[in-house]
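Protein sequence lines correspond, in order, to chains A and B. Here numbering that gives the first Met the number 0 is used: the first residue of the first sequence is 0, the next is one more, and so on. Here numbering that gives the first Met the number 0 is used: the first residue of the second sequence is 0, the next is one more, and so on.
2 protein chains.
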Amino acid sequence: MHQSGKTSFQDVRDEVIHRIQSGIWPQGTLLPTEVELAEEFGCARATVNRALRELAENGVVDRKRKSGTRVNTAPVKQAKIEIAIVRHSVEEQNAIYRYALVHKEITAIPPWLAAQLDLPITHKVMYLKCMHYADNRPYQFEERWVNIDAVPTILDADLVETGPNEWLLSVVPFTDAQINFCAVGADADLSEFLSTPTGTPVFQLERTTWLQNKPVTFVRMTYHPGYRMSTSY
Amino acid sequence: MHQSGKTSFQDVRDEVIHRIQSGIWPQGTLLPTEVELAEEFGCARATVNRALRELAENGVVDRKRKSGTRVNTAPVKQAKIEIAIVRHSVEEQNAIYRYALVHKEITAIPPWLAAQLDLPITHKVMYLKCMHYADNRPYQFEERWVNIDAVPTILDADLVETGPNEWLLSVVPFTDAQINFCAVGADADLSEFLSTPTGTPVFQLERTTWLQNKPVTFVRMTYHPGYRMSTSY
DNA sequence: GAGTGGTCTAGACCACCAG
DNA sequence: TGGTGGTCTAGACCACTCA
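Right, here's the structure in full:
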């Protein structure tokens, strides 16, 4: 790569990272200006700019006009969690995926959800319960409410073969989402579907999605006991 | 903003997003080339490039040389979780933060951790237990093992005033981390420190950090019952 | 007011890869 | 082998913000 003799923005980025990690530029240090760095590295200012901009996006440095670029004192580390389709998660573990639709009805929106989504309590939603299995063992219990107004075509969807998870993702691109993680004790439903005693600690993930300020769906996914969600950065 | 009459890369990005969301460019569509888009928007190719590059980074489109730019069929949505200092999380809720060091000893590394970090079982570590309170109510119990080899200065650190969490973050920048989330039932320690009955479901986060392939610390943080971690995208 | 980053331009060359 | 994105350049002007 980059043997063309020119200094690439990646070279600049890597050198800056190196100087920070090796202690040449400790936390809080004010870096030279873009012009100065461009001179030192023998490249255009735009090249330095792109390198530093990327580092700023990653939280490594903090940039302010007039003040300059500073090594971040408390780097806000971010872990990325991929929102995968359940089937893919299961298949990644080389397990056989199976899906089952447990319950499906059109009903009035529950009051707590109406409040949460800012919808009138007379609103109609589709209420679904599904199970996802890995090698025929309970993997995830999915409880979902879909805003029929936002996704009228769901009324004609066959949700027996393909789960609402995959169906929605392939049909309705959403723009915003809000996610919660928590630990709860298994209630009657969870106990039955996840084959575990009532009260067993289980990991739960709730997600609300919107399509341009219009609520699309709220889903509560509960994983089998012992499930661990992992990520790295 | 941008009233200078020139087309900004953000204008291009937003217009592309709009065309995708409004169905003008459905999933899988091959976009015009950068040159064509630059002509249409009346801007330089570099401007279009930056806009499309950003969309590619976010997984909205897929770019390949020669093939061109294509609207992504299965956008990989990612949620970002910020790894904050506990004190900041508490203070963000306008609660009063209090920290207490509960236990501190130099000991041999536990076998399970030695295996996990790929260290010899004769290795010495500092083992710590701490509590974090919000408005004097249990917020988080922290159990931590620190690799003394990687951070020898911790032997002289006063961990009574400042928790190891903040001390390490300010002194030892790490380069890689691996995180696990899960739900567990409170054991004796957790029950006591979090003031909750044994077996109560609690949310647990484990993090291992490395500094250039050298393990630095492994920490297990358990939150008070009812805690919810949230994020959005 | 002046210094610093933020961005756009017009042009150039390069690297990759499908046909 | 040609088309497409990837990147660098040199210069310019703008916008924010600190002193």
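For glycine and all other residues, C-beta sits at the position ideal for the given N, C-alpha and C.
(message) Quick check on DSSP: helix, strand or coil for B:N146?
(response) strand
(message) Just checking: is the beta-carbon of B:Y232 within a distance shorter than 9 Å of some beta-carbon in chain A?
(response) yes
(message) Residues of the region 176 to 195 of chain A in Cβ contact with chain B at a cutoff of 8 Å, in chain order, please.
(response) A176, Q177, I178, N179, F180, C181, A182, V183, G184
(message) Just to make sure I have the definition right: I need the residues of chain B whose C-beta is within less than 7 Å of the C-beta of A:M220. Which are they?
(response) Those within 7 Å of A:M220 in chain B number zero; the least Cβ separation is about 13 Å.
(request) Select from B:Y98, B:F173, B:Q177, B:T216 the residue whose C-alpha is nearest the C-alpha of B:F192. (result) B:Y98
(request) Would you mind listing the alpha helix (DSSP H) stretches within the region 112 to 184 of chain B that are 4+ residues and don't spill past its ends, in chain order? (result) 163 to 170
(message) Does A:W111 pass the burial test, meaning 16 or more other C-beta atoms within 10 Å, or should it be called exposed?
(response) exposed
(message) Looking at chain A, is there any beta carbon in it that lies within less than 9 Å of the beta carbon of B:Y132?
(response) no
(request) Quick one: list the residues of chain A neighbouring B:V201, beta-carbon separation under 9 Å, in chain order. (result) A182, P200
(request) Starting from the beta carbon of A:E174, find every residue of chain B whose beta carbon is closer than 8 Å, and list them in chain order. (result) The question names Glu, but residue 174 of chain A is Thr in the sequence shown. Within chain B, the residues near A:T174 are Q20.
(message) For B:G67, list the residues DSSP reports as bridge partners.
(response) B:K63
(request) Would you check if the region 195 to 212 of chain A and the region 151 to 159 of chain B touch, i.e. whether three or more CB-CB distances between them fall below 8 Å? (result) no
(request) Kindly identify the DSSP beta-bridge partner or partners of B:Q203. (result) B:C181, B:T221
(message) Counting only Cβ pairs nearer than 8 Å, list the residues of chain A close to B:S229.
(response) Q177, I178, N179, F180
(request) Find the residues of chain A that neighbour B:I108, judging by a C-beta separation of less than 9 Å, and give them in chain order. (result) Result: empty, since nearest Cβ-Cβ is about 22 Å, beyond 9 Å.
(message) I want to see whether chain A comes within less than 9 Å of B:G225, judged by CB atoms only; does it?
(response) yes
(message) If distances are taken between C-alpha atoms only, which option among A:I120, A:W24, A:V170, A:H87 comes closest to A:T68?
(response) A:W24
(request) Give the single residue among A:K123, A:I105, A:K65 whose Cα lies nearest to the Cα of A:A113. (result) A:K123
(request) Could you check if A:G162 is buried or exposed, using at least 16 other CB atoms within 10 Å of its CB as the buried criterion? (result) buried
(message) Alpha carbons only, please: which of B:E39, B:M228, B:I108 is nearest the one belonging to B:V11?
(response) B:E39
(request) Compare the C-beta of B:I82 against all C-beta atoms of chain A and say whether one is closer than 9 Å. (result) yes
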